[in-house]
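Below is one structure, written out as structure tokens, with a few remarks after it.
If you want it as structure tokens, here you go:
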């Protein structure tokens, strides 16, 4: 029996992925992610025999992908903003659209010693990327999930940054420590339960529901944060939210009602969908006092 080569292994994997109805690119991507074999090396060494252990690892990965498991969970990492982030099923897989959120924050926030918080950090993709880009700003990352915070800590070590990590729901860990910040960045769970039908089965089956879904048609966590800005955000501080593509108008209206005088702006993503809502928080004290007198939050 002739040796089983990398080329034959990839050919079989492509056939298996095709039969399962999936993309065939993972067959070659796995070579680099599992064996650090890029395409140049594959062209040169593709006819070499595959060691038994490597073949077993590769075929197990192909099976998982064929069964619908996201590629990033299979290999244990995802690329974000040019860096490789560890991911597990305790964290969402970072999306390309979220890179656009990071770009907007970096373009609008000066590195002048501000305190910035990433609320609901997951893998830490947002907060750690910001931390790596800045010299003077302080970055805090929070999450309600302890396993997610551990993953973010691993990613911080890989990126060589040392931000503060706080455990808790939304602003709670900041309030408990009397921490005030100059900038809030958040990509919270924003999918409403009624949107389940629009989502891929792989996402529902594998990505953490805690990081995907929110009550009130996906708006609940935004509203909680907007309501409590005065507890954590310094006057004239800034807020950047990644939002669902149908949420811009209702969130804009909610923010204007809660904080008169604040004018939220919305940016579209690479696909032309509303994706990033941001604003500078300037308190209108008279309106706010009137609101409290009328019994509003």
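Residue numbers (this note's numbering): 23 to 319. Backbone N, C-alpha and C fix where the C-beta goes; we use that ideal spot for every residue, glycine too. Note that the structure is predicted; figures quoted are calculated from it, not measured.
- Residue 193 and residue 262 have their C-alpha atoms roughly 15 Å apart.
- Here the alpha carbons of residue 305 and residue 282 stand approximately 8 Å from one another.
- Within a 10 Å sphere around the beta-carbon of residue 140 sit 16 or more other beta-carbons, which makes this residue buried.
- The three-state secondary structure of residue 111, taken from DSSP, is coil.
- When only Cα atoms are considered, residue 99 and residue 106 end up about 6 Å apart.
- Per the DSSP secondary-structure output, residue 206 pairs in a beta bridge with 139 and 261.
- When rounded, the separation of the alpha-carbon atoms in residue 270 and residue 167 is 27 Å.
- Using a 10 angstroms sphere on the CB of residue 191, the tally of other CB atoms stays under 16, which defines it as exposed.
- Uninterrupted beta strand (DSSP E) stretches at least 3 residues long and entirely within the region 50-134 occur at 99-102 and 105-108, given in chain order.
- Nearest Cα to residue 251 within the set 118, 152, 95 and 202: 202.
- Residue burial is scored here from C-beta neighbours: residue 144 has at least 16 other C-beta atoms within 10 angstroms and is therefore classed as buried.
- Using a Cβ-Cβ distance cut-off of 8 Å, the region 153-168 and the region 82-98 are not in contact, since fewer than three pairs of beta carbons, one from each stretch, lie closer than that value.
- Going by DSSP, residue 148 is part of the alpha helix (DSSP H) stretching over 147-155.
- Cβ-Cβ distances below 6 Å link residue 280 to 248 in the same chain, with the five nearest sequence neighbours on each side left out; the list follows chain order.
- About 7 Å separates the Cβ atoms of residue 148 and residue 120, confirming a contact at the 8 Å cut-off.
- Out of 209, 180 and 52, the CA that lies nearest to the CA of residue 165 is found in 209.
- In the three-state reduction of the DSSP assignment, residue 38 falls in the helix class, which pools H, G and I.
- Taking the CA atoms as reference points, residue 41 sits about 11 Å from residue 89.
- Take the alpha-carbon of residue 184 and the one of residue 104: they are about 19 Å apart.
- Within the same chain, and ignoring the five residues on either side of residue 46 in sequence, the residues whose Cβ sits closer than 7 Å to its Cβ are 36, 39 and 40.
- Taking the Cβ atoms as the reference, residue 285 lies roughly 6 Å from residue 301, within the contact range of under 8 Å.
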